[in-house]
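For what it's worth, the numbering used here labels the leading residue of the sequence shown as 11, then goes sequentially.
Written below as C-alpha cells is the structure these notes are about.
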Amino acid sequence: MERCTVIVNTRDKFSTTTRCLETLIANTPELHDLIVVVGGAPEHLKREWTEKFGERAQFIFRPTFLNQPQARNIGLREAKTRLAALLDNDNFVRPGWLAALLECERATGAVLVVPVILETPEVIHTAGNDLYVSHINGEAYGYKILRFYGMRLGEQSNLQREPTDYAELHCQLVQVEPTLRLGACDEQIIEVGEVDQGLTFARAGLPMWFEPKSVVHFALRHPMTADDIKLFEWRWNIKRVHDGYQYFQRKWHMDVSEYGTFRDWLVSYNSQLGLLPRFWPTAAALRLDGWLGRVRAKALGICRIPKYRFRTYKKRRLGYYEWTAGVLLDGS
11 MERCTVIVNT RDKFSTTTRC LETLIANTPE LHDLIVVVGG APEHLKREWT EKFGERAQFI
71 FRPTFLNQPQ ARNIGLREAK TRLAALLDND NFVRPGWLAA LLECERATGA VLVVPVILET
131 PEVIHTAGND LYVSHINGEA YGYKILRFYG MRLGEQSNLQ REPTDYAELH CQLVQVEPTL
191 RLGACDEQII EVGEVDQGLT FARAGLPMWF EPKSVVHFAL RHPMTADDIK LFEWRWNIKR
251 VHDGYQYFQR KWHMDVSEYG TFRDWLVSYN SQLGLLPRFW PTAAALRLDG WLGRVRAKAL
311 GICRIPKYRF RTYKKRRLGY YEWTAGVLLD GS
C-alpha cells in the first residue's frame with residue numbers, strides 16, 4: 011500500500027491533541043509519515059507532546075495561532091509523499107480508516123477522499139456532502155448538505171462509495187500536488203473552507219469521493235481546559251468568520267451564510283465558552299462558569315415543570331407510552 015503523510019492540525023482546542031495522536035498511532039499500522047502543525051501552544055504542552063510522541067511525529071510549532079488552512083499548507087509543503095491525510099486534532103480515527111481512504115483513491119483517482127465522520131461514537135455527522143445552489147433575483151445562494159446527518163451508524167449499513175460535492179475538513183485524504191497548486195486550502199477563509207475547496211477542485215475537473223469503509227469520530231463540543239480558552243475565542247471570533255464569508259462571496263459570487271442565519275449558529279457554538287472565562291481565562295473561571303450554567307439550567311427546568319407535566323399528560327392520552335417499535339434501539 012502506498013505510503014502517505016498524515017498531517018494533524020489544531021481546530022479550536024489544544025486539549026484533544028494527546029488523545030488524537032494516541033488513537034491515530036494505535037489505529038494506523040500502514041506506513042506513513044506523521045506531521046503535527048500547531049500554532050500558539052503553551053510551552054508545557056509543546057514539551058509534553060514532544061516527549062510523548064517525538065519519536066513518531068515531526069512537530070512544527072509556530073508562535074501564533076494558525077487557522078486550519080494555514081496549518082495544512084505548512085504540513086503539505088513539508089510532505090514528501092504523493093498523498094496526505096489531513097486531520098483535525100479533535101478527531102479520533104477508527105481501525106482501517108487510512109487503508110480504506112487509500113484504496114478509494116487508488117480505485118477512483120480522486121483528488122480528495124472523505125470518510126464517514128461521526129459526532130458521537132454512533133451518530134453520523136456527515137457521510138459525504140452535497141452543495142445545493144439556488145438563484146434568487148440573480149444572486150446565487152449555496153446551502154451545505156450533510157448526508158445522513160444525525161443518523162445512527164451500526165455495525166453494518168448500506169452506505170456506498172460515491173462522489174461528493176465537497177468534504178468536511180475534519181478528515182480528508184488529498185493529492186498533495188494539485189491541492190497546493192490550486193490553492194485548495196485558502197488561508198483567507200476561516201470557516202466554510204470545505205465549500206471553497208470543493209468548488210476549487212470541481213472547477214479544475216478533479217473528482218472527489220466519499221468512502222464508507224473509513225470512519226472517524228469528530229469529538230463535537232469536547233470539554234474545554236484553560237489552555238483552550240484563547241484559541242477557542244480566536245477561532246470562533248464572529249468578525250473574523252464574517253470577513254472570511256465576505257471574501258468567499260467575492261471569490262465565488264455566492265452567498266453561503268444561509269440568509270445570514272449562520273451567525274445564530276456561531277452564537278450558539280460560542281456558548282461553549284461563557285463570558286466569565288473570556289474575561290478571566292483560568293481553570294477556576296471555567297469551573298465557576300460551568301456551575302452557574304448548571305444552576306441556570308436547573309432553575310429553567312423548575313419553571314418548565316407545568317409545561318412538562320401537561321406534555322406528559324398529552325402523550326399519555328395520545329398513546330405515546332404504548333408505542334414499542336424502535337424503543338429498545340433508541341434506548342428510551
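Idealized CB from N, CA, C, for every residue including glycine.
Note that the structure is predicted; figures quoted are calculated from it, not measured.
Restricted to the stretch 74-127, the alpha helix (DSSP H) segments that are unbroken, complete and at least 4 residues in length are 78-88 and 107-118, listed in chain order.
By the CB criterion at 9 Å, Cys14 and Ala94 fall inside the cutoff. Of the residues assessed, Gln185 falls on the buried side of the cut-off, its CB having 16 or more other CB atoms within 10 angstroms.
Bridge pairing for Phe228: Asn101 [DSSP]. The DSSP-derived three-state label of Glu221 is strand. For Asp22, the secondary structure class from DSSP, reduced to helix, strand or coil, is coil.
The continuous alpha helix (DSSP H) containing Cys313 extends over residues Ala293 to Cys313.
The beta carbon of Val18 is closer than 6 Å to those of Val46, Leu97 and Asn99 in its chain, skipping five residues each way along the sequence. Look at Cys30 here: in three-state DSSP terms it is helix. Counting the other CB atoms within 10 Å of its CB gives Gly49 a total of 16 or more, which places it among the buried residues.
The beta-carbon distance between Val205 and Val126, rounded to whole angstroms, is 19 Å. This is too long to meet the 8 Å contact definition. Membership of Ala212 in the alpha helix (DSSP H) is indicated by the continuous run Gly203 to Arg213. When secondary structure is reduced to three states using DSSP, Val277 falls in the helix class. CA-to-CA, the gap between Asp22 and Thr174 works out to about 26 Å.
Around the beta-carbon of Leu111, 16 or more other beta-carbon atoms lie within 10 Å, marking it buried. Val251 is positioned such that its CB atom lies closer than 9 Å to that of Leu276. When secondary structure is reduced to three states using DSSP, Ile35 falls in the helix class.
With fewer than 16 other CB atoms across the displayed protein chains lying within 10 angstroms of its CB, Arg191 is exposed. Contact annotation: Asn37 and Val103 have beta-carbon atoms nearer than 9 Å. Distance from Met11 to Glu32 at the Cβ level is roughly 23 Å; contact not present, criterion being Cβ atoms closer than 8 Å. Of the candidates Thr235, Glu197 and Cys313, the residue whose Cα lies closest to the Cα of Trp290 is Thr235. Residue pairing by DSSP puts Tyr142 in a beta bridge opposite Tyr153.
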